[in-house]
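Asks: Numbering (the working numbering), first residue to last: 7 to 221.
Every residue, glycine too, gets a C-beta built ideally from N, C-alpha and C.
Just so it is clear, the structure is predicted and the values come from calculations on it, not from any experiment.
The structure that follows is given in the form of structure tokens.
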């Protein structure tokens, strides 16, 4: 596991065989279940081990402390999100802006709201842990994927790509962060995808120049 600040958040070892991977997956799933049932402050390695059906000693073979376990679970979640965005952006290369935005927004919203309770629990974990370094790495991957996609847009060109990507990313992440921090009614959550599409596409269309236009 990657560490971000040298504070002991790395895993003790990586699973090398299918059986070991199944054990780690069970520990991860149990961690989420305890987070949802007991809350972050009441989560302990003993509770997680009991829920996973493994000994505490087995858990410690992989994760030397609770913080390392939580960081690993957070990593798994964020890797799924960034992989969804990377796949969506790659699939939309050479498309028009509207198609690009629909693909990215759909992937991002699905990854973050498919299990909204889990996303909220891990958002609290990210705030609790000093995971800023790793989060910055993930954000950089997201920006790189979005930039690579927008550079291929069939109907638009952006003079200031860095600023465009910064604002595009903020338009995606800002409303989602508010959603994770609050209890919005289901009616608003169901509208989130369409609203994000309008927000992101409206901004991009305003900033874009037609492809091939003069400076």
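So who's on the other strand from residue 163, going by DSSP bridges?
Replies: Its beta-bridge partners are 215.
Asks: Measure the alpha-carbon distance for residue 10 versus residue 77 and round it to whole angstroms.
Replies: The predicted model places residue 10 with a pLDDT of 43, which falls under 50 and marks its position as unreliable, so this point remains unresolved.
Asks: Considering only C-alpha positions, which residue in the set 179, 50, 104, 36 is nearest to residue 212?
Replies: Considering only alpha carbons, the answer is 104.
Asks: Could you check whether residue 82 and residue 34 sit closer than 8 Å to each other, using their CB atoms as the reference points?
Replies: Contact flag set, yes.
Asks: Under a three-way DSSP split, which group does residue 168 fall into?
Replies: It is helical.
Asks: When the Cα of residue 156 is compared with those of 204, 198, 92, which residue comes out closest?
Replies: If we check each option's Cα against that of residue 156, 92 comes out closest.
Asks: Kindly indicate the opening and closing residues of the alpha helix (DSSP H) around residue 158.
Replies: Residue 158 -> no alpha helix (DSSP H), and no H or E assigned at all.
Asks: For residue 55 and residue 62, I'd like the C-alpha separation in whole angstroms.
Replies: Taking the straight line joining both Cα atoms gives about 6 Å.
Asks: Taking residue 126 as part of the alpha helix (DSSP H), name the residues at either end of that continuous run.
Replies: Where residue 126 is concerned, the enclosing alpha helix (DSSP H) stretches over 122-134.
Asks: Pick helix, strand or coil for residue 177, following the three-state DSSP scheme.
Replies: Here residue 177 sits in helix by DSSP.
Asks: Pairs of beta-carbons, one from the region 196-206 and one from the region 99-115, closer than 8 Å: are there three or more?
Replies: With the cut-off at 8 Å, the region 196-206 and the region 99-115 touch.
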